[in-house]
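Chains as they are written, first to last, in the working numbering: chain A, 1 to 288; chain B, 1001 to 1435.
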């Protein structure tokens, strides 16, 4: 093995990429662990132990932030799995205009998230927005999508699903196309109809795709910031604050040490959810 | 072979990264113009929301008279801009001149480390002490005023007032009566623009004249952690006033979806009768709505005593000279020129100011009606500086908390208590005593 490597490429080829990775990722990560233990003004720092972590957990909006983050990640991840699966199913059935429909479904994904956020903020305007005006044509008085604290979080989640379902669909399509036709034929020979084929072949054999979508959507949801920030800024009040937007506001306020502590916490929260999830989902895959 | 690869790699990395770092160096310095006169180029960093036509006018004149050319660099405003400023100071990349808020924000930059102390300069004698305090640390004074001061209170639509036969209120109760009369006439009493959350703060911040008048030491006690908003009745009044306006249903419809610009349009056209706001943005109304600016009037947020009706004043932004810049002498000459008679004249020729100048001996003869109304408070001595110029403590979440109060999500008392908790982090970050 060693000989083989020596004969092909030198490890030195890793140096340029490695240097960039160490300078811009590894080093800042370890520096952030250090600065999270200090009171930091960018000009100088003072070591204060765990005070930042204590202060961060006392933040009154943090509870809301955690709840919103979990809500957002769960709702969007599950919706993307269900909708992505359904769309993937339809788009692999060989119906007409498949190529066109696939493009339509994928289209929102290539848009800038900030542009999506600003656009939907206008579309969801309670009085002048296109959504409520359309609803008014049918005599329905639409809700105050982003202004009502009870549904603002749900409105933002809806937009994220619209934007992110394209990627999920593509992953599902790839997974479904990899399923050999033989299995479907076997079911149909046994007299199984369409739903039986879906339930007993497509669902179990799409498991790797499902896992990828769930994991990606979950991690993406936990770290989401840009969409929520452009749509509501965390408001009204603190009602759509996420962990990431709380951290961002602390950087803005100049609490660099405190905000860095928040990032360290977010790092561990994402790891604490993503690692077991990854492990659990992969184990299921093996036992299939 | 191996050494050659290392060498190539190192050279490649150096070649790739050098231009990135070199890009940070601004091209400042001296150059000779066609007619042989030496022109010194300076850079000036300013946010992209502040009016700069006055500064540009002074710069144009300075190029002719001093041979100093000022290159203006724009940065984002608000808290995002604060991060740009702090990063550039921390990395030693600040422009020769920096335009920035005076008061608590400026002092959070540790000005004594970064900027030239102007306290010994003779041209500082004509700057009012009330301004100098907001840019001083110890005995050092680190900036000049870059604009006029301005007031915070209530815009009102003079046409609506005339049609309804209303008078400018001198107590809070009279104001509430006016709001009721306006609502009865089918006009929105108060424009609310909580989409731009900072605008939700004016009712509390603009109430500080009343706090200061009753409890002059509040700012000192507040800084020392001995007085707070929730347990000081007169300070709590600002939060309560916000709640009263909400409870009576006087805020305009869909406040969370309404932006600052839309609210300015509402009060300018008379769709809304009032808008709690700072006078500094009056030029925005003129720019967007032209002559309607003359329909805008202004009064300070009233308290309970009709004979003690004043206005809360904000100090102008400051222009500071970066001490580690390459052209400190030229930059110092520029700020000297900025506050000289010639500089002020050039400034006023291009900028319609929105409050009193803080330079001695400067009279304003041409001002918006709203500013003229505000100047009567100034001339009668009925002013107090805003809290942020008396205390370094300003919590970052005040705007969101006040949106909650303004929407009725929390009560005034809960909001005030939440804000008292919010400022603890700021006080500790600043390393203040007693926190």
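All C-beta atoms, glycine included, are put in the ideal place defined by N, C-alpha and C.
This structure is a prediction, so every number in the text was calculated from the model and none was measured.
Is any beta-carbon of chain A found at less than 9 angstroms from that of residue i?
i	result
residue 1396 of chain B	yes
residue 1123 of chain B	no
residue 1318 of chain B	no
residue 1030 of chain B	Residue confidence for residue 1030 of chain B is low, a pLDDT of 49 falling below 50, so the modelled location carries little weight; the figure read from the coordinates is stated next. Residue 1030 of chain B does not count as touching chain A.
residue 960 of chain B	A query on residue 960 of chain B cannot be resolved here, the shown segment of chain B reaching from 1001 to 1435 and no further.
residue 1254 of chain B	yes
residue 1425 of chain B	yes
residue 1194 of chain B	yes
residue 1187 of chain B	no
residue 1305 of chain B	no
residue 1041 of chain B	no
residue 1027 of chain B	Bear in mind that a pLDDT of 42 at residue 1027 of chain B, under 50, signals an unreliable position, so the number given afterwards is only what the model happens to contain. Residue 1027 of chain B does not count as touching chain A.
residue 1086 of chain B	yes
residue 1079 of chain B	yes
residue 1197 of chain B	yes
residue 1082 of chain B	yes
Looking at the structure shown, is residue i part of a helix, part of a strand, or coil, going by DSSP?
i	result
residue 52 of chain A	helix
residue 151 of chain A	coil
residue 1047 of chain B	strand
residue 120 of chain A	helix
residue 167 of chain A	helix
residue 1024 of chain B	The predicted model places residue 1024 of chain B with a pLDDT of 39, which falls under 50 and marks its position as unreliable, so this point remains unresolved.
residue 288 of chain A	Because the pLDDT at residue 288 of chain A is just 40, under 50, the model does not fix this residue reliably, and the value given afterwards should be weighed accordingly. Correct three-state label for residue 288 of chain A: coil.
residue 1052 of chain B	coil
residue 246 of chain A	helix
residue 135 of chain A	helix
Kindly indicate the opening and closing residues of the beta strand (DSSP E) around residue i.
i	result
residue 40 of chain A	38 to 40
residue 1276 of chain B	1272 to 1278
residue 1319 of chain B	1318 to 1321
residue 1226 of chain B	Note, residue 1226 of chain B: premise wrong, no beta strand (DSSP E); not H, not E.
residue 59 of chain A	Neither: residue 59 of chain A is in no beta strand (DSSP E) and is coded neither H nor E.
I'd like to confirm the pairing. Which residues does DSSP put opposite residue i in its beta bridges?
i	result
residue 1154 of chain B	B:1276, B:1299
residue 1442 of chain B	The question about residue 1442 of chain B has no answer, for chain B in this structure spans 1001 to 1435.
residue 1313 of chain B	B:1151, B:1385
residue 1367 of chain B	In DSSP, residue 1367 of chain B forms no bridge with anything.
residue 1115 of chain B	B:1322
residue 1251 of chain B	B:1190
residue 1075 of chain B	B:1047
residue 1127 of chain B	B:1359
Taking only beta-carbon positions, decide if residue i is within less than 9 angstroms of chain B.
i	result
residue 149 of chain A	yes
residue 200 of chain A	no
residue 24 of chain A	no
residue 249 of chain A	yes
residue 177 of chain A	no
residue 236 of chain A	yes
residue 39 of chain A	yes
residue 185 of chain A	no
residue 144 of chain A	yes
residue 126 of chain A	yes
residue 157 of chain A	no
residue 266 of chain A	no
residue 43 of chain A	yes
residue 289 of chain A	This structure does not reach residue 289 of chain A, given that chain A is present from 1 up to 288, and the question cannot be answered.
If I follow the unbroken alpha helix (DSSP H) through residue i, where does it start and stop?
i	result
residue 1098 of chain B	Unbroken run through residue 1098 of chain B is the beta strand (DSSP E), 1097 to 1100; no alpha helix (DSSP H).
residue 45 of chain A	Here residue 45 of chain A belongs to no alpha helix (DSSP H); instead the beta strand (DSSP E) covers 45 to 47.
residue 291 of chain A	Because chain A spans 1 through 288 in this model, residue 291 of chain A falls outside it and cannot be assessed.
residue 1286 of chain B	1282 to 1289
residue 143 of chain A	No alpha helix (DSSP H) holds residue 143 of chain A; DSSP gives it neither H nor E.
residue 1177 of chain B	1172 to 1184
residue 1214 of chain B	1208 to 1214
residue 1306 of chain B	Neither: residue 1306 of chain B is in no alpha helix (DSSP H) and is coded neither H nor E.
residue 211 of chain A	207 to 222
residue 1344 of chain B	1341 to 1350
residue 35 of chain A	27 to 35
Would residue i count as contacting chain D if we go by Cβ distances under 9 angstroms?
i	result
residue 1404 of chain B	Among the protein chains of the structure shown, namely A and B, there is no chain D.
Exercise. Does the segment 56 to 71 of chain A come close enough to the segment 126 to 138 of chain A to have 3 or more Cβ pairs within less than 8 angstroms?
Worked result: no
For this session: Could you tell me whether the segment 1092 to 1105 of chain B touches the segment 1287 to 1301 of chain B, where touching means 3 or more Cβ pairs closer than 8 angstroms?
Result: no
Exercise. Touching or not, the segment 1100 to 1119 of chain B and the segment 1320 to 1329 of chain B, by the rule of three or more beta carbon pairs under 8 angstroms?
Worked result: yes
Exercise. Any contact of the segment 1167 to 1181 of chain B with the segment 1337 to 1351 of chain B, i.e. 3+ C-beta pairs under 8 angstroms?
Worked result: no
For this session: Report yes or no: do the segment 145 to 153 of chain A and the segment 117 to 127 of chain A share at least 3 C-beta pairs separated by less than 8 angstroms?
Result: yes
Exercise. Pairing CB atoms from the segment 163 to 180 of chain A with CB atoms from the segment 83 to 98 of chain A, are three or more of them under 8 angstroms?
Worked result: yes
Exercise. Hey, is the segment 1368 to 1386 of chain B in contact with the segment 1394 to 1406 of chain B, meaning 3+ C-beta pairs nearer than 8 angstroms?
Worked result: no
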